[in-house]
Amino acid sequence: MKLVLTLLIFTAFLSGCKSTPPLYMYENYSESFYALKKESGHESDAQWQSSLESIVKKSNAKAVRVPPGIYANLGYIHLKSSNYSKAIEFFEQEKSIYPESSRFMENLIKKAKVKG
127 MKLVLTLLIF TAFLSGCKST PPLYMYENYS ESFYALKKES GHESDAQWQS
177 SLESIVKKSN AKAVRVPPGI YANLGYIHLK SSNYSKAIEF FEQEKSIYPE
227 SSRFMENLIK KAKVKG
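So the mapping is simple: my numbering equals the position in the sequence shown, first residue as 1, plus 126.
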């Protein structure tokens, strides 16, 4: 009798558990970042950018927030390639979504404005 009661309680407990959807969609962030660091160069930068843009696209499609740092990394890629207006745009997006990054993003925005 105790065994049946224990199994019923355990089953009720498990059926009440709900898996929550992920807060962020990182996709293959770690692998692509590792590849970038392992093989620096224009081709690696392009693959890194493509990977980050894919994360943004998939996050938006699944209606989850873009993970922290993604817009900042995209901005940095554009800053390195002298596309200052696009870099500022991404830094502003990062700052608006993650206000805790405001000080850092403001410094990068200033840097982009000086260079541009």
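Idealized CB from N, CA, C, for every residue including glycine.
These figures come from a predicted structure and were not determined experimentally.
DSSP places Y160 in the helix class (H, G or I) of the three-state scheme.
Across the set V130, I223, L131, G242, the C-alpha of I223 shows the shortest separation from the C-alpha of R191. With fewer than 16 other Cβ atoms inside 10 Å of its own Cβ, E232 counts as exposed.
Between I203 and Q175, the C-beta gap is smaller than 7 Å, which places the two residues in contact. Judged by their CB atoms, Y160 and P193 are not nearer to each other than the 7 Å cut-off. Contact check for F217 against I235 passes: the beta carbons are separated by less than 7 Å.
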